[in-house]
Amino acid sequence: MKKIFRKAMTVLASTALIGMTVGGAFAASYPTPFTSNTAIVVGANAAPSDNIAASSIASNLDASSAGTGTTTTTTGGDSYKFEKTSTKFNLGDTITGVISSSIDDDELPTLLAEGKYLDNDNDEFDYTQKITMEATQLEMFDDDDYATDSPTVGFKVNSGTTLMTYTLTFSDEPLIMDLVTTDLPFMGKTYYVLSNSTSGANLILTLLDSASDTILSEGESTTLNVEGTAYAVSINFISSTEVKLTVNGETTNSLAEGGTYKLSDGSYIGIKDIMYTAKDTGISKVELSIGSGKLTLTSGSEVKINDDAISGLTATLTNSTAALGTSTAKLTSIAIAWAADEDLFIAEDTEVTMPGFNAVKMSYGGLTYPVEETIEVKQGGTTYAVLDNFPLKDGEADINFLWGDSTSFTGLGKDTSNRLVTAASGENLTFNADNQDDYFVVSYDDGSDAESYLMRANNFVIDGSSNKTDFEYYKDGVWTDKKTGAKDGDTFSIGNAEVKVWTVAKAGSTKTVKIQNNSANTNFYELWSKEGMRVALPIENSTYVDTTAATNYTTAALACAYITDHMAANVGEVFTGNFRYNLTGTGQTNTTSCATTFKLVMNEEDKNGNKAHADGDQINVTLGWDASTTKEVEVSAVLTENDDVTEVEIGETDVWREFAYSPLATEILWNKPSSGQKSVKLIYHGDEVAADVYITSPEVTLISDGDSVGVMTVKDSEVASVSGKNLVVVGGSAINSVAAELLGGAYSEGAFTSATGVAAGEFMIKSFSRTGNTALLVAGYNAADTEKAVTYLLNNDVDTTVGKNYKGTSATEASLVIA
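Below you can see the structure in the form of structure tokens.
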């Protein structure tokens, strides 16, 4: 598996929309010099698809250079990953939804170690430590305080929201009066207790952090080291009640036992004990401590460090029932609640550390994507919609699935002469070649495994007394024979699906074949992607029917069809428009009105691979008509089952990002250009997507075995900023000035063809020498052809030796041009 970081996200750093035709496979398209020191260049005014293509290449370069990997690892100290063997951290989960709210020494054995505390009477007291987490959610957020116009996956902790609470609890409670002059363990450190006092009903403890202590005799000098700094200390004056010290030439005020003095470098000196002896009887001594900071804990108030309050860090000191200030009052626990002083962000490049104590931090190492496949719904033509390059088990195919008249949807497929044929559950399917039916789908689904095949029947013949036909399926871009000479009663298998030929008819212009499923797990209305995304294909009806009844659907040519999703039982109304299909099957009136919109329903698998459509998250893609004078079909709405997150535009790309908050974390990239038709791409992962979320000690470093090499993407106007790098140049010379430099002119259309030999529908991938480095030009005749070039580059071995030139016509076909 690859860990592909989704950090996106300026206009030139958006998540990949274009790419692998086989989920998770990375082509060997980047030999030296593109394995390092590489930048991507895109035109400053290029179409959004060029920007997306550039980002796809950058992501692919990052991932292919990083090596394969499945997890983030840690080094350097205590760390705990928020997950269990059977419970991974999924997008949309909260921390407490993955683990119980508290963690202790089982998870962080050093930071939260159990132990024994020794008071100043040398009595021992057992203590435990824990951190209680709050229900902070892993989500997609968009906040300009983190990154401008950048929908990002991570944690956003709103100002004032508690992230966690640390608690030290004594099982045997020490007397508060016996705390002073002792060493108190606290979140992996030891603090010296300088004093205790009260303010009303609130206990106050004053501690020294990172202290170095000694007993110093009058007339002597000693050197203490605190965090790398040396302090030369001597006694300037001492009496039975106070002492003055000289530290690195600086003389303190007179200090009593428990008193502190802030040195000029910000550190603190504290007096633990004054051991005064009259001059005629002996030598006086003082026990002192130097620490990097003074810590004041007042119950119910913000923690103070060096007398400055730490906003958002609140102490709670709990004592036993005896009143504070009495000799029997005992300390039960110390708690420190950490709330965000301002909005906090925990993302792949941002971690947060508890202020003041600097003892614990939260980190996020990104999502691990097992595989990726792209499912795109877009306009195929003015009046029909297509599943573009849909990833079937045996390769990609464009599947035209719905057409209309610019007002309503009236049929399946491309138009009346190029039809998609479907049939409801348990019903026969009739394929009419004379009616110019194009194809049908045969699917297998047993709840655990599922697969689909695009098929057609042709070559209808009369052989003696038998009518026969050939069945073909679409494999790797070409129609391939599956069953030839099929006649009434024949059966055949395609993958796990089983089909029975019911009736073949060949008479005059009549060329029809009726088929039925030959197993309960075979159907003609579902469409399954290779990695397991389910698409509920529309079904065409001549009259209104209650789909709960055993009614046989017909597929005759209709003036106006009722088109419904037979399997949308958890969606509500399938249509919004003139005709609504009510799932209760009651109260409907037959009408000749057609639906103005159609909801294409898709379902993920669940995290265990179960295919039942109710188990995974549901994504509804609504087809409608744009607002132009001549209305054209487009994706008018996209909604996840639970409306998990509001989509956010990536920079100024016209591409809006959102996710299904589910174990499979399908990413939704809705392209909404200011002009032209809206389309959507779903990035489906086929298996559970797990997040790497950690709580650690501050010295820990997260290392991902899928970390990227940090490929830069720049506009052509900024190419000087990546001088000295190898370049991948995306887009033609009319839109990208670096491409124009390589080709010798800013050519478009006919001029581009004359200069390059690349005509409409074609693309080129060619390597050039540029300022001592290599520039790889990836460009098509137009933006759509550039997309094909990028997809080809990402999935095929391309020789990037200077002078090599590929010319292609599709995302899967290109040939090396011989100069």
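Heads up: the sequence shown at position 550 corresponds to 555 in this note's numbering, and the numbers run straight through without jumps.
Note that beta-carbon positions come from the ideal geometry of N, C-alpha and C, so glycine has one too.
Keep in mind it's a predicted model, so treat the numbers as computed, not measured.
Query: Cβ-Cβ distance between residue 406 and residue 391 below 9 Å; Result: yes
Query: Sequence-distant residues of the same chain with beta carbon closer than 6 Å to residue 346, five excluded per side; Result: 316 and 317
Query: Buried versus exposed, by CB contacts within 10 Å (16 or more), residue 95; Result: buried
Query: DSSP state of residue 797 mapped onto helix, strand, coil; Result: helix
Query: Residue from 511, 741, 774 and 278 whose Cα sits closest to the Cα of residue 46; Result: 741
Query: From 238, 65 and 460, residue whose alpha carbon lies closest to that of residue 294; Result: 238
Query: Any 3 or more C-beta pairs closer than 8 Å across the segment 356 to 364 and the segment 417 to 428; Result: no
Query: Residues bridged to residue 92 (per DSSP); Result: Paired residue(s): none; residue 92 is not in a bridge.
Query: Neighbourhood of residue 86 by C-beta, 6 Å cutoff - its chain only, sequence neighbours within 5 removed; Result: 699
Query: Test item: CB-CB of residue 508 and residue 519 under 9 Å; Result: yes
Query: Extent of the continuous beta strand (DSSP E) run through residue 540; Result: 539 to 541
Query: Candidates 528, 152, 431 and 220: closest to residue 456 by CA position; Result: 528
Query: Range covered by the alpha helix (DSSP H) that runs through residue 603; Result: Not the alpha helix (DSSP H): residue 603 falls in the beta strand (DSSP E), residues 603 to 608.
Query: Within 9 Å, strictly: CB atoms of residue 201 and residue 213; Result: no
Query: For residue 663, the first and last residue of its enclosing beta strand (DSSP E); Result: 660 to 664
Query: Where the alpha helix (DSSP H) through residue 101 begins and ends; Result: 100 to 103
Query: Nearest-angstrom Cα separation, counted from residue 163 out to residue 297; Result: 31 Å
Query: Span separating the alpha-carbon of residue 181 from that of residue 132; Result: 15 Å
Query: contact_flag[the segment 468 to 487, the segment 533 to 540] where n(CB pairs < 8 Å) is 3 or more; Result: no
Query: The alpha helix (DSSP H) enclosing residue 743, as first and last residue numbers; Result: 742 to 748
Query: Secondary structure of residue 59, DSSP reduced to three states; Result: helix
Query: Cβ contact (3+ pairs, closer than 8 Å) linking the segment 180 to 196 and the segment 384 to 401; Result: no
Query: Burial state of residue 303 (16 or more Cβ within 10 Å); Result: buried
Query: Cβ distance (whole Å) where residue 499 is taken to contact residue 466 below 8 Å; Result: Residue 499 to residue 466, Cβ: 21 Å. No contact.
Query: Opening and closing residue of the beta strand (DSSP E) in which residue 445 lies; Result: 442 to 450
Query: Nearest-angstrom Cα separation, counted from residue 101 out to residue 633; Result: 49 Å
Query: Opposing strand residues paired with residue 332 [DSSP bridges]; Result: In DSSP, residue 332 forms no bridge with anything.
Query: Whether residue 674 touches residue 692 by CB criterion (9 Å); Result: no
Query: Pairwise C-alpha distance: residue 545 and residue 441; Result: 16 Å
Query: Beta-carbon gap between residue 667 and residue 609 smaller than 9 Å; Result: yes
Query: Counted within 10 angstroms of its Cβ, other Cβ atoms place residue 821 as buried (16 or more) or exposed; Result: exposed
Query: Endpoints, the alpha helix (DSSP H) within which residue 754 is located; Result: 754 to 761
Query: Proximity below 9 Å, CB of residue 48 to CB of residue 816; Result: no
Query: 9 Å Cβ cutoff met for residue 274 and residue 250; Result: yes
Query: Within 9 Å, strictly: CB atoms of residue 217 and residue 656; Result: no
Query: Contact check, residue 123 vs residue 188, beta carbons under 9 Å; Result: yes
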